[in-house]
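Enquirer: Sending over a structure as structure tokens; questions will come in a sec.
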Amino acid sequence: MTQSEKEADWEDAAGMAAVFVCVGASIVSNSVFGTGIGDVSCKYTVRFSPSSEAFGVWLPIYLLTLSPMILALQSNAPPLSNFSYAFAWLAAGLWTPAFTAHTRRGIIWAAVLLVLTAMFALAAVFSSRLW
Numbered sequence: 005m006t007q008s009e010k011e012a013d014w015e016d017a018a019g020m021a022a023v024f025v026c027v028g029a030s031i032v033s034n035s036v037f038g039t040g041i042g043d044v045s046c047k048y049t050v051r052f053s054p055s056s057e058a059f060g061v062w063l064p065i066y067l068l069t070l071s072p073m074i075l076a077l078q079s080n081a082p083p084l085s086n087f088s089y090a091f092a093w094l095a096a097g098l099w100t101p102a103f104t105a106h107t108r109r110g111i112i113w114a115a116v117l118l119v120l121t122a123m124f125a126l127a128a129v130f131s132s133r134l135w
């Protein structure tokens, strides 16, 4: 095995580990700063707020998080894709404490983090070359 192959294997493993850690951090963040999935958002009732059952979509989202990682293992996705995916989940995990701070600055940070989540997720999709 050449030095470049060893480096590529290490980058792949680090990317996968980063995704697992960041998904876990997102789940822990919601558990610590929210009382459950959807509770943070449902705290502010407005006329058009979805019912609490609508937040059941998060279970499939968390479960489907595994599919890009499985595909990446099978298709040699570039490490940039995995790290982008990890940063998307990290930004999503940081959203909960920012939003629940109940301050103007917290709401601004929450909005910035949602934009970063979308940007990193799109970067992961486009850099993966899996489709």
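Residue numbers (my numbering): 5 to 135.
All C-beta atoms in this analysis are idealised placements derived from N, C-alpha and C, irrespective of residue type, glycine included.
Over what stretch of residues does the alpha helix (DSSP H) that includes Arg109 continue unbroken?
Expert: Locating residue 109 in the sequence shown gives position 105, counting from the first residue. Per DSSP, Arg109 is one residue of the alpha helix (DSSP H) stretching across 108 to 132.
Enquirer: Over what stretch of residues does the alpha helix (DSSP H) that includes Ser85 continue unbroken?
Expert: As a first step, residue 85 is located in the sequence shown; it is residue number 81 there, counting from the start. Per DSSP, Ser85 belongs to the alpha helix (DSSP H) from 83 to 103.
Enquirer: Using the beta-carbon count (16 or more within 10 Å), is Trp93 buried or exposed?
Expert: In the sequence shown, the residue the question calls residue 93 occupies position 89. Buried is the call here.
Enquirer: State buried or exposed for Val23, treating a residue as buried only when at least 16 other CB atoms are found within 10 Å of its CB.
Expert: On the sequence shown, position 19 is the one that residue 23 refers to. Per the 10 Å Cβ criterion, buried.
Enquirer: Is the number of C-beta pairs between the region 55 to 68 and the region 115 to 132 that are closer than 8 Å three or more?
Expert: no
Enquirer: Assign Thr107 to one of two classes, buried (16 or more other C-beta atoms within 10 Å of its C-beta) or exposed (fewer than that).
Expert: As a first step, residue 107 is located in the sequence shown; it is residue number 103 there, counting from the start. Exposed.
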